[in-house]
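Novice:
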Amino acid sequence: MHDGCTSVFTERRHAMHRRQLLKFASTSAALIGLPRSGWGQQSWSINPFSLGVASGSPTSQSLVLWTRLGAPAIQAAGLTTVAIAVTWQLAHDRQFSRIAATGIIQAAPTLAHSVHAEVSGLEPDRVYFYRFIVGTATSPVGRTRTFPASHSAVNRLRLAYASCQQWGNGFYSAYRHMLAENLDFVLFLGDYIYEYPSSRPIEVRPTTGGWITTLDGYRSRYALYKSDPDLQAVHAAYPWVLTWDDHEVQNDYAGIHAGVSGTPVADFMARRRAAYQAFYEHMPVTRASFDKLLSAHADEARIFDCISFGRLATLYTLDDRQYRDAPACSPNQRTGSNRVDPEKCESWNQPQRTLLGAAQEAWLAQKFSTMQGQWNLLGQQTLFGQRNFNTTGGTLLRSDGWDGYPAARRRLTDAILQTQLSNPVILGGDIHENWVGHVLSDYNNPESAAVGVEFCGTSITSLSNSTPERLAQQLKTNPHFIFANAASRGYGVVELTPKQLTTTLTAVTDASDPNSTAFTLAKFAVEAGHAAVARL
Ligand code: FE
Ligand code: CA
Numbered sequence: 006m007h008d009g010c011t012s013v014f015t016e017r018r019h020a021m022h023r024r025q026l027l028k029f030a031s032t033s034a035a036l037i038g039l040p041r042s043g044w045g046q047q048s049w050s051i052n053p054f055s056l057g058v059a060s061g062s063p064t065s066q067s068l069v070l071w072t073r074l075g076a077p078a079i080q081a082a083g084l085t086t087v088a089i090a091v092t093w094q095l096a097h098d099r100q101f102s103r104i105a106a107t108g109i110i111q112a113a114p115t116l117a118h119s120v121h122a123e124v125s126g127l128e129p130d131r132v133y134f135y136r137f138i139v140g141t142a143t144s145p146v147g148r149t150r151t152f153p154a155s156h157s158a159v160n161r162l163r164l165a166y167a168s169c170q171q172w173g174n175g176f177y178s179a180y181r182h183m184l185a186e187n188l189d190f191v192l193f194l195g196d197y198i199y200e201y202p203s204s205r206p207i208e209v210r211p212t213t214g215g216w217i218t219t220l221d222g223y224r225s226r227y228a229l230y231k232s233d234p235d236l237q238a239v240h241a242a243y244p245w246v247l248t249w250d251d252h253e254v255q256n257d258y259a260g261i262h263a264g265v266s267g268t269p270v271a272d273f274m275a276r277r278r279a280a281y282q283a284f285y286e287h288m289p290v291t292r293a294s295f296d297k298l299l300s301a302h303a304d305e306a307r308i309f310d311c312i313s314f315g316r317l318a319t320l321y322t323l324d325d326r327q328y329r330d331a332p333a334c335s336p337n338q339r340t341g342s343n344r345v346d347p348e349k350c351e352s353w354n355q356p357q358r359t360l361l362g363a364a365q366e367a368w369l370a371q372k373f374s375t376m377q378g379q380w381n382l383l384g385q386q387t388l389f390g391q392r393n394f395n396t397t398g399g400t401l402l403r404s405d406g407w408d409g410y411p412a413a414r415r416r417l418t419d420a421i422l423q424t425q426l427s428n429p430v431i432l433g434g435d436i437h438e439n440w441v442g443h444v445l446s447d448y449n450n451p452e453s454a455a456v457g458v459e460f461c462g463t464s465i466t467s468l469s470n471s472t473p474e475r476l477a478q479q480l481k482t483n484p485h486f487i488f489a490n491a492a493s494r495g496y497g498v499v500e501l502t503p504k505q506l507t508t509t510l511t512a513v514t515d516a517s518d519p520n521s522t523a524f525t526l527a528k529f530a531v532e533a534g535h536a537a538v539a540r541l
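Just so we're aligned, residue 6 is where the sequence shown starts under the numbering used here, counting upward by one.
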């Protein structure tokens, strides 16, 4: 199909052309047997666009436009159980004088009155504006863009990577500063919500709803997070490319194995399906990735994907949560993260243990060999390189990340080497600390060749409990890293040209201040052709 990087799953995208969509809109409510509200001028006593708008999953030809009608507006209008017709418009200009595509979607109660307009047939490398209209209400205007065509020469790409936005740990000032970054897109690497009932030890704003374990609970949690004006603004400013981590379901869950937080539920897989459905309902992602989950109650939502940004870059978004084996050597069969001495854990190095799952691993190796940009960005959940926490001689590794799956990590670096992947750059989140370093071909041999570079981002708000002293010792113990910082909340911006990568880490001064200023924490550069990162 289009970008060469498209997987079989995205080829089945339910992308619809404008005319098909209009046809769909006029028949879908009857087909799915739902009553629907009239087409007329439904007036609203409460703004139905209280959760904002978003766009995402960009390709060179398509975009997903998203909104969800807010539950309070729908309840006040007495429309809780009916499908509601929502018009979407995509235009070349902010005034909507030149409409590029338009259609009508039935926002169904079975999907929390969410709207996903999957628009295809667009022009590559173009800025578009979009909005939604329902009755007398018009949404805020979003700005978005398509990616350049896969064969085209591209001089520049700017993306921000972000993760971990625990609601109560802080305000989203980081996102407000992102608005001025002139990005092509935002890459979100997981922990969009947290399932916790509160955000201790710091709680600058209350989390409503307690522990979430049900579909309604996850929906309410997304609605809470999405009520934030800075988060809404950054969604409206740029398209987002997303993956998830553990807290979209439960802390430290591993594949089919429940995590550790909160009271266990009787059926973890039902909880996971509910959480995955709520993710779909609240994100600008494609129906194809969730179709089996939503229509056939399958357990899987296949979100791993890749997309090229012209010849300059290929972006792989991975899912290291859904398919992973249980962590090794958890005491008393308890799942979740532990610090383990691999010498005392027989299963630690078992070759069959997987983090990505066999299907995703095979897919990734195949994509590496057929689809490379000048730069190859791997957007995934967590720190990739080995971090030995025992800074006094022994070894102590975290079981919940790549360190807990060394054979799987080795297969990935081997695939990078075997396919001679051009300029690999691994981007991560999860640990609430900035780490920058070199990806080694063999972490058991500190002298082994670097095969790429790594930037693991801090959090938007979520806390780290590490200290500068501990990080300094860890850097000494793990010299493939050149920088670590646990003190700052914020995001990273990666700018690529054919010859150079520059990463700028931006930090907010005080995440507990909704009006926080921001500053540059550190800057790094990588020259194309050299797996070496230098601090500027
Ligand atoms: Fe997190
Ligand atoms: Ca996490």
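Beta carbons are placed, not taken as given, at the ideal position from N, Cα and C, and that holds for glycine.
Remember, it's a predicted structure, so these values are computed and weren't measured experimentally.
1) Verify whether the separation of the beta carbon atoms of Ala-527 and Thr-507 is less than 8 Å.
2) Going by DSSP in three states, Lys-504 sits in which element: helix, strand or coil?
3) What first and last residue would you give for the beta strand (DSSP E) that runs through Tyr-227?
4) Taking the alpha carbon of Asn-483 as the reference point, which residue from Thr-472, Phe-394, Glu-438, Val-430 has its own alpha carbon closest?
5) Would you give the residue range spanned by the beta strand (DSSP E) that Ser-119 belongs to?
6) Can you tell me whether Pro-546 is buried or exposed, with buried defined as 16 or more other CB within 10 angstroms of its CB?
7) Label Lys-504 either buried or exposed according to how many other C-beta atoms from any shown protein chain fall within 10 Å of its C-beta, with 16 as the threshold for buried.
8) Could you check if His-252 belongs to the surroundings of ligand 2, using beta carbon to heavy atom distance under 7 Å?
9) Tell me whether Asp-405 counts as near ligand 3, meaning its Cβ is closer than 7 Å to at least one heavy atom of that ligand.
10) Does ligand 1 have a heavy atom nearer than 7 Å to the CB of Cys-169?
11) Below 6 Å CB to CB, which residues in the same chain sit around Ala-491 once its five sequence neighbours on both sides are set aside?
12) Rounded to whole angstroms, how far is the Cβ of Arg-344 from the Cβ of Ala-283, which I believe are closer than 8 Å?
13) Nearest-angstrom Cα distance between Pro-63 and Thr-397?
14) For Asp-310, does the count of other Cβ atoms within 10 angstroms reach 16, so buried, or fall short, so exposed?
15) Among residues of its own chain, excluding the 5 on either side of Thr-544, which ones have a beta-carbon nearer than 6 Å to its beta-carbon?
16) With a 10 Å radius around its C-beta and 16 neighbouring C-beta atoms as the bar for buried, classify Asp-272 as buried or exposed.
17) Could you tell me which residues DSSP pairs with Val-91 in its beta bridges?
18) Please determine whether the Cβ atom of Ser-266 lies at a distance below 7 Å from any heavy atom of ligand 1.
19) Which residues in the same chain have their Cβ closer than 8 Å to the Cβ of Ile-89, if we skip the five residues on either side of it in sequence?
20) Just how far apart, CA to CA, sit Glu-532 and Asp-330?
21) I need the DSSP call for Gly-462, collapsed to helix, strand or coil.
22) Suppose you measure from the CA of Ala-318 to the CA of Phe-152; what does that come to, to the nearest Å?
23) Do the region 283-302 and the region 352-366 meet, that is, are 3 or more Cβ pairs less than 8 Å apart?
Specialist: According to the structure data:
1) no
2) coil
3) No beta strand (DSSP E) contains Tyr-227, which is instead part of the alpha helix (DSSP H) from 220-231.
4) Phe-394
5) 119-124
6) Any property of residue 546 remains undetermined from this structure, which presents the chain solely from 6 to 541.
7) exposed
8) yes
9) As presented, the structure is devoid of ligand 3, carrying ligand 1 and ligand 2 as its sole ligands.
10) yes
11) Glu-438, Ser-469, Ser-471, Leu-476
12) Wrong, their Cβ atoms sit about 32 Å apart, outside the cutoff.
13) 47 Å
14) buried
15) Nothing can be reported for residue 544, as the shown portion of the chain is limited to 6 through 541.
16) exposed
17) Ile-110
18) no
19) Arg-41, Ser-42, Gln-47, Leu-74, Ile-79, Gln-111, Ala-112, His-118, Val-139
20) 36 Å
21) coil
22) 11 Å
23) no
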